[in-house]
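Enquirer: Numbering of the sequence shown is given in this note's numbering, commencing with residue 10 and proceeding in unit increments. So that we are looking at the same thing, I have put the structure below in structure tokens.
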Amino acid sequence: MLQTRVDAYPTHRIGGFPVRAGRPLPFGARPVPGGVNFSVYSTHATAMTLVLFRRGEAAPVAELPFPSSFRRGAVFAMTVFGLEEAGLDLETLEYGYRADGPFRPREGHRFDPGAILLDPYATLVGGREEWGAPHDPVYPYRARIALDDFDWEDDRPPGVAPEDTVVYELHVRGFTRHPSSGVQAPGTFAGLAERLPYLARLGVTCVELMPVFEFDELDNPRGLLNYWGYNPVGFFAPKASYAASGPYGMQVDEFKNLVKQAHRAGLEIVLDVVFNHTAEGDERGRAISFRGLDNSAYYMLTPDGHYYNFSGTGNTMNCNHPVVREFVLDCLRHWAAEFHVDGFRFDLAAILGRAPDGTVLANPPLLESLAHDPVLNHCKLIAEAWDAAGLYQVGSFPSYSRWSEWNGRYRDAVRRFVKGDLGTAGELAARMTGSTDLYGSRGPVASVNFVTSHDGFTLRDLVSYDRKHNELNGEDNRDGDSANHSWNCGHEGPTDDPGVLALRARQSRNALLLLLTSHGIPMLLAGDEMGRTQHGNNNAYCHDGPEWWLDWDLAEENADLVRFVRNAIAFRRAHPALRRREGAVGHPVTGDLPEVSWHGVRAWTPDWSPHSRLVAAMFYSGADGGHDCVYVAANSYWEGLVLELPAPPGGTAWHLFADTAAAPPHDACEPGREPPLADQARVPIGPRAVIVLVARDRPTEE
Numbered sequence: 010m011l012q013t014r015v016d017a018y019p020t021h022r023i024g025g026f027p028v029r030a031g032r033p034l035p036f037g038a039r040p041v042p043g044g045v046n047f048s049v050y051s052t053h054a055t056a057m058t059l060v061l062f063r064r065g066e067a068a069p070v071a072e073l074p075f076p077s078s079f080r081r082g083a084v085f086a087m088t089v090f091g092l093e094e095a096g097l098d099l100e101t102l103e104y105g106y107r108a109d110g111p112f113r114p115r116e117g118h119r120f121d122p123g124a125i126l127l128d129p130y131a132t133l134v135g136g137r138e139e140w141g142a143p144h145d146p147v148y149p150y151r152a153r154i155a156l157d158d159f160d161w162e163d164d165r166p167p168g169v170a171p172e173d174t175v176v177y178e179l180h181v182r183g184f185t186r187h188p189s190s191g192v193q194a195p196g197t198f199a200g201l202a203e204r205l206p207y208l209a210r211l212g213v214t215c216v217e218l219m220p221v222f223e224f225d226e227l228d229n230p231r232g233l234l235n236y237w238g239y240n241p242v243g244f245f246a247p248k249a250s251y252a253a254s255g256p257y258g259m260q261v262d263e264f265k266n267l268v269k270q271a272h273r274a275g276l277e278i279v280l281d282v283v284f285n286h287t288a289e290g291d292e293r294g295r296a297i298s299f300r301g302l303d304n305s306a307y308y309m310l311t312p313d314g315h316y317y318n319f320s321g322t323g324n325t326m327n328c329n330h331p332v333v334r335e336f337v338l339d340c341l342r343h344w345a346a347e348f349h350v351d352g353f354r355f356d357l358a359a360i361l362g363r364a365p366d367g368t369v370l371a372n373p374p375l376l377e378s379l380a381h382d383p384v385l386n387h388c389k390l391i392a393e394a395w396d397a398a399g400l401y402q403v404g405s406f407p408s409y410s411r412w413s414e415w416n417g418r419y420r421d422a423v424r425r426f427v428k429g430d431l432g433t434a435g436e437l438a439a440r441m442t443g444s445t446d447l448y449g450s451r452g453p454v455a456s457v458n459f460v461t462s463h464d465g466f467t468l469r470d471l472v473s474y475d476r477k478h479n480e481l482n483g484e485d486n487r488d489g490d491s492a493n494h495s496w497n498c499g500h501e502g503p504t505d506d507p508g509v510l511a512l513r514a515r516q517s518r519n520a521l522l523l524l525l526t527s528h529g530i531p532m533l534l535a536g537d538e539m540g541r542t543q544h545g546n547n548n549a550y551c552h553d554g555p556e557w558w559l560d561w562d563l564a565e566e567n568a569d570l571v572r573f574v575r576n577a578i579a580f581r582r583a584h585p586a587l588r589r590r591e592g593a594v595g596h597p598v599t600g601d602l603p604e605v606s607w608h609g610v611r612a613w614t615p616d617w618s619p620h621s622r623l624v625a626a627m628f629y630s631g632a633d634g635g636h637d638c639v640y641v642a643a644n645s646y647w648e649g650l651v652l653e654l655p656a657p658p659g660g661t662a663w664h665l666f667a668d669t670a671a672a673p674p675h676d677a678c679e680p681g682r683e684p685p686l687a688d689q690a691r692v693p694i695g696p697r698a699v700i701v702l703v704a705r706d707r708p709t710e711e
């Protein structure tokens, strides 16, 4: 019979358990032959104690102080044996730490040996399996050890090229929590997995998940919830209450199955990650993990020991401290290697380029390390290139030829043009062609284009409200952005006026069609394709209920809009002229048409004057001996126009793919079935409308 070989024998007995000095690396808790190795970092702690719990019990089973001889540098490491004999196998074991040391806030130290702290490297977090349940007053977030026995079978990442990517941003709970979702486990990873076929049929290629690291949904001083999850607690652990199997500790496997099913459907999974702050807040907040282990290392502190607040949430992580930098890298490697995720979107990523004193670094070590890390080599890296303290790096974020950015200037340009603002035609033209003025040699794939995101109005609300309506947030409508570039189309909020409703529907189609025919990586907000509303709230981070979840009945009520979006995505996929990796040039290439040319009411004569409300572009791709030519015209004027058309490539004729002024289902064709224009020299464009033409072979004469 094969015996389990213990590679070393215990040298001490502490708290009733045989132990020996542990291995400092890797950090966290790792099973070893015969026991578990516990390793935790703290430069300034004078003593450390391992606290062992049996799952579900309030009182510890044992507390094991680390002997001073078990410390190596700034790492406390101990291997504990005999756990199973004490009824603490890997499925029932929970643990935490007590860190003793100075409490001198002005010097940055806030040690409290009375607090039990979560291991920053915990791969499972217990105690919060039920969404919204009250906290355990002693130790609400309990570190556990995830078992590594998931069968990935022959899982392969889809490896979608950046230029072919269409992103769909969603909230795991809100996407299927509504009763209309029809899934077996609403509001969970398993529920989302059931709805993946819908996303595949829609045509998106990448699902961007709002935060799924363990976070504190009760972290809201006004008695509401922190629904979105931008307040992380356990960076290595999937959120337990997002798993149907959470009470059984199976959230790791459930999330892995979601990724595996997504890959089988050809969908990539990108995680929205938050490394700019934690749920511990400012000096009034509680110690959950980092603050009690080594406050001065993990956070940016002012000279008098207060917290820099570049995140707007009370604290800012000290990401370019060497230990914290390695923590971020370890975390992302964990999700890429263990969970097979395909990329990361970094919340308030400009903070990741700040020095410990808050100054902006010219060559941020963390951003460079992420760009060149071998484990993350295949992962998409997307930056929200600003922070809450005014640092705005759209177009100047340190990219190291790897990073893409949420393009806030694209969002504002499309919103302002569709709304009808003057002086926006030239700006829109630059954004439609991949913002080469911002990204230059980085190419259009550096630009993640979006009109709406979780942060702000939904698309339906963008065309239904002039002002934000955040009264239910409990902050007297002071929160949320006031510069939304929105227009209610003549009536604030809900209405039965058929004229207003028709205009809102057209304006929605205008924004979506511009988004899906622009160079760059388009991103859709979940539910925009079916007319989801947040009732004018542009900061709905704190609301959880049926009126805030995605109502799947809207997919039937607004089936024409879903069809329109599906056709527009399919059209984009069919035309390489719209999916460029490199910036288009405005002069003929090898004797062909320019890769992009601009037009107006007259062909080849654009109007860039401040009063212009017309932008018309012809996109051309002549690679591989063939050609692909698409003409896009956008009119934000309140009257229709007749446009003179440029000649399409030889042997082809203009065919009409989409006209947002046409009543559904004639607003967009199925790609490949576009009818030819009767007049090849001119085309009408309606008021406040977008049209898209494609050059196809001339119809055969009978």
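Even glycine gets a Cβ: it sits at the ideal position worked out from N, Cα and C.
1) If you compare alpha carbons, which of E393, A656 and S618 is closest to D601?
2) Ignoring anything shorter than 4 residues, give me the alpha helix (DSSP H) runs that lie fully in the segment 423-506, in order along the chain.
3) Quick one: what's got a C-beta closer than 7 Å to G502's C-beta in the same chain, skipping five residues either side?
4) Nearest-angstrom Cα distance between E711 and N576?
5) Tell me whether A202 sits in a helix, a strand or coil according to DSSP, three-state version.
6) What residue range does the beta strand (DSSP E) around S527 cover?
7) Taking the Cβ atom as the reference point for each residue, do F666 and V701 lie within a distance shorter than 8 Å?
8) Using only the alpha-carbon positions, how far apart do E217 and N567 sit?
9) Just the Cα atoms here: how many angstroms apart are P696 and G483?
10) Provide the residue span of the beta strand (DSSP E) that contains F406, from first to last.
11) So W607 is in the beta strand (DSSP E); what residue range does that whole segment cover?
12) Rounding to the nearest angstrom, what Cα-Cα distance links M627 and T504 in this structure?
13) Note down the Cα distance separating L11 from G43, rounded to an integer number of angstroms.
14) Which residue wins for smallest C-alpha separation from V5, given the options R707, G649, D706 and A672?
15) Straight-line CA distance for C1 to Y419?
16) Taking all protein chains shown into account, decide if S606 is buried (16 or more other Cβ within 10 angstroms of its Cβ) or exposed.
17) Taking only the alpha-carbon atoms, compute the straight-line gap between T526 and S450 and give it to the nearest angstrom.
18) Below 8 Å, how does it come out for the segment 313-326 and the segment 171-190: are there three or more Cβ pairs, yes or no?
19) Taking only three categories from DSSP, how would you classify P27?
20) Closer than 8 Å by C-beta to P111: which residues in its own chain qualify, once you throw out the five before and the five after it? Chain order, please.
21) Do you know offhand how far G631's Cα is from D560's?
22) If you drop the 5 nearest sequence neighbours on each side, which residues of the same chain put their C-beta closer than 7 Å to that of V460?
23) Would you mind sorting H511 into buried or exposed? The rule is 16 or more other CB atoms within 10 Å of its CB.
24) Return helix, strand or coil for V268, following the three-state DSSP convention.
25) Quick one: using the 10 Å Cβ neighbour count with 16 as the cut-off for buried, is E565 buried or exposed?
26) Within the continuous alpha helix (DSSP H) that includes C215, where are the two ends?
27) In the DSSP output, what is C638 paired with across the bridge?
28) Could you check what DSSP says for R32 in three-state terms: helix, strand or coil?
29) Restricting to runs no shorter than 4 residues, where is the alpha helix (DSSP H) found entirely within the segment 278-324?
30) Using only alpha-carbon positions, find the residue among E66, R64, A68 and L59 that is nearest to F85.
31) Report the three-state DSSP secondary structure of R186 (helix, strand or coil).
32) Any chance the segment 375-388 sits against the segment 293-307, with 3 or more Cβ pairs inside 8 Å?
33) Taking the runs of the beta strand (DSSP E) that are 3 residues or longer, which of them lie wholly in the segment 61-105?
34) When you compare only the Cα positions, how much space is there between Y712 and I578?
35) Of the residues P122, Y150 and N479, which one's Cα is nearest the Cα of A131?
Expert: A quick look at the data gives this:
1) Your numbering for residue 601 matches position 592 in the sequence shown. Considering only alpha carbons, the answer is A656.
2) 434-441, 445-448 and 468-471
3) If you number the sequence shown from 1, residue 502 lands on position 493. Here the set comprises S473, Y474 and G545.
4) Your numbering for residue 711 matches position 702 in the sequence shown. Your numbering for residue 576 matches position 567 in the sequence shown. Confidence at E711 is low in this model, with a pLDDT of 35, below 50, so the placement of that residue is unreliable and no value is reported for it.
5) Here residue 202 is taken as the residue at index 193 of the sequence shown, counted from 1. Reduced to three states, the DSSP call for A202 is helix.
6) Counting from 1 along the sequence shown, the entry for residue 527 is found at position 518. Premise fails: S527 is in no beta strand (DSSP E) and is neither H nor E.
7) By one-based count along the sequence shown, residue 666 stands at place 657. By one-based count along the sequence shown, residue 701 stands at place 692. Taking 8 Å as the Cβ cut-off, F666 and V701 qualify as a contacting pair.
8) For the purposes of this step, residue 217 is identified with residue 208 of the sequence shown, where counting begins at 1. For the purposes of this step, residue 567 is identified with residue 558 of the sequence shown, where counting begins at 1. Computed Cα separation, rounded: 23 Å.
9) Looking up residue 696 in the sequence shown gives position 687. Looking up residue 483 in the sequence shown gives position 474. Going from the Cα of P696 to the Cα of G483 covers about 40 Å.
10) Here residue 406 corresponds to residue number 397 of the sequence shown, with the count starting at 1. Segment: none, F406 is in no beta strand (DSSP E) and carries neither H nor E.
11) Stepping through the sequence shown from its first residue, residue 607 is reached at position 598. Start and end: V605 to H608.
12) Within the sequence shown, residue 627 is the residue found at index 618, counting from 1. Within the sequence shown, residue 504 is the residue found at index 495, counting from 1. Each residue's Cα considered, the two are about 38 Å apart.
13) Taking the sequence shown and counting its residues from 1, one reaches residue 11 at position 2. Taking the sequence shown and counting its residues from 1, one reaches residue 43 at position 34. Residue placement at L11 is poorly supported in this model, since its pLDDT is 40, which falls under 50; the coordinates are not used for a value here.
14) Any answer about residue 5 is impossible in this case: the structure gives the chain only from 10 up to 711.
15) Beyond the ends of the chain as shown, which are 10 and 711, falls residue 1; an answer cannot be given.
16) Taking the sequence shown and counting its residues from 1, the one referred to as residue 606 is at position 597. Counting Cβ neighbours within 10 Å, S606 comes out buried, since at least 16 surround it.
17) As a position in the sequence shown, residue 526 is number 517, starting the count at 1. As a position in the sequence shown, residue 450 is number 441, starting the count at 1. Their Cα atoms are separated by approximately 21 Å.
18) no
19) For the purposes of this step, residue 27 is taken as residue 18 along the sequence shown, with counting starting at 1. Correct three-state label for P27: strand.
20) Here residue 111 is taken as the residue at index 102 of the sequence shown, counted from 1. The answer, listed in chain order, is H53, T55, H118 and F120.
21) For the purposes of this step, residue 631 is taken as residue 622 along the sequence shown, with counting starting at 1. For the purposes of this step, residue 560 is taken as residue 551 along the sequence shown, with counting starting at 1. If you take the alpha carbons of G631 and D560, they lie about 43 Å apart.
22) For the purposes of this step, residue 460 is identified with residue 451 of the sequence shown, where counting begins at 1. Within the same chain, V460 has close Cβ partners R420, V423, R424, L468, A520 and L524.
23) Looking up residue 511 in the sequence shown gives position 502. Residue 511 is actually Ala in this sequence, not His. Looking at its Cβ environment, which holds fewer than 16 other Cβ atoms inside 10 Å, A511 is exposed.
24) On the sequence shown, position 259 is the one that residue 268 refers to. V268: helix per DSSP, three-state reduction.
25) Sequence index remark: in the sequence shown, residue 565 carries index 556 (1-based). That one is exposed.
26) For the purposes of this step, residue 215 is taken as residue 206 along the sequence shown, with counting starting at 1. Counting along the chain, C215 falls outside any alpha helix (DSSP H), though it belongs to the beta strand (DSSP E) covering C215 to L218.
27) Translated into the one-based positions of the sequence shown, residue 638 becomes position 629. Partner(s): Y629.
28) The sequence position of residue 32 within the sequence shown is 23, counting from 1. Reduced to three states, the DSSP call for R32 is coil.
29) 299-307
30) Against the sequence shown, residue 85 aligns to sequence position 76. Of the candidates E66, R64, A68 and L59, the one whose C-alpha sits nearest the C-alpha of F85 is L59.
31) Within the sequence shown, residue 186 is the residue found at index 177, counting from 1. Here R186 sits in coil by DSSP.
32) no
33) 71-74 and 84-90
34) Absent from the model: residue 712. The displayed extent of the chain is 10 to 711, so no value can be given.
35) Reading the sequence shown from its first residue, position 122 is the one you call residue 131. The residue with the shortest Cα to Cα distance from A131 is Y150.
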